[in-house]
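Its first residue numbered 20, the sequence shown is counted upward by one per residue in this note's numbering. All residues carry an ideal CB built from backbone N, CA and C; glycine is no exception.
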Amino acid sequence: MPSLSLRINLDPDGRIGPGKIELLEQIAAFGSISAAARGMEMSYKHAWDLVEDMNRVFGKPLVSAQTGGKKGGGAQLTPVGLAVVSRFRAIERAAASAAAVHMQALQAEIDAE
Numbered sequence: 020m021p022s023l024s025l026r027i028n029l030d031p032d033g034r035i036g037p038g039k040i041e042l043l044e045q046i047a048a049f050g051s052i053s054a055a056a057r058g059m060e061m062s063y064k065h066a067w068d069l070v071e072d073m074n075r076v077f078g079k080p081l082v083s084a085q086t087g088g089k090k091g092g093g094a095q096l097t098p099v100g101l102a103v104v105s106r107f108r109a110i111e112r113a114a115a116s117a118a119a120v121h122m123q124a125l126q127a128e129i130d131a132e
């Protein structure tokens, strides 16, 4: 069955899609940018660059990070970060629902002999 992948252009230089949203979800789940990066098989620097890019695009932090030390660092989503994830997933569900009949028709075209 065909699948739908959604990317949202936010301004000329910014966008969010499944990868960035998954990164935010992983940060929320693990409480750590480095653990989220490892879980997604990406470098910490790449994950941090993506977080900084999202913070820039939204004009406010989506992730609140504490530097390491004796007690270690950590990261959590801000209320804005939580809202971005929630809204993206809602838009994704709405798009999938609206496209379902067309996706089935595409699959029927693939299956037709």
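Taking the DSSP output, what are the residues bridged to residue i?
| i | result |
| --- | --- |
| residue 35 | 27 |
Can you find the residues in the same chain that come closer than 8 angstroms, C-beta to C-beta, to residue i, ignoring five residues on each side of it along the sequence?
| i | result |
| --- | --- |
| residue 104 | 40, 43, 44, 47 and 96 |
Might you give, ordered along the chain, the residues of its own chain that have their beta carbon closer than 6 angstroms to the beta carbon of residue i, omitting 5 neighbours on each side?
| i | result |
| --- | --- |
| residue 36 | 26 |
| residue 80 | 74 and 97 |
| residue 135 | Past the boundaries of the shown model lies residue 135; the chain is included only from 20 to 132, so the question cannot be answered. |
By the 10 Å Cβ neighbour count, where 16 or more other Cβ atoms means buried, how is residue i classified, buried or exposed?
| i | result |
| --- | --- |
| residue 114 | exposed |
| residue 73 | buried |
| residue 66 | buried |
| residue 78 | exposed |
| residue 29 | exposed |
Can you list, in chain order, the residues of its chain whose CB lies under 7 angstroms from that of residue i, leaving out five sequence neighbours each side?
| i | result |
| --- | --- |
| residue 132 | none |
| residue 126 | 20 and 21 |
Exercise. What residue ranges within the stretch 70-120 form continuous beta strand (DSSP E) runs of no fewer than 3 residues, ordered along the chain?
Worked result: Taking only runs of at least 3 residues, the beta strand (DSSP E) segments lying wholly in the stretch 70-120 are 82-85 and 93-96.
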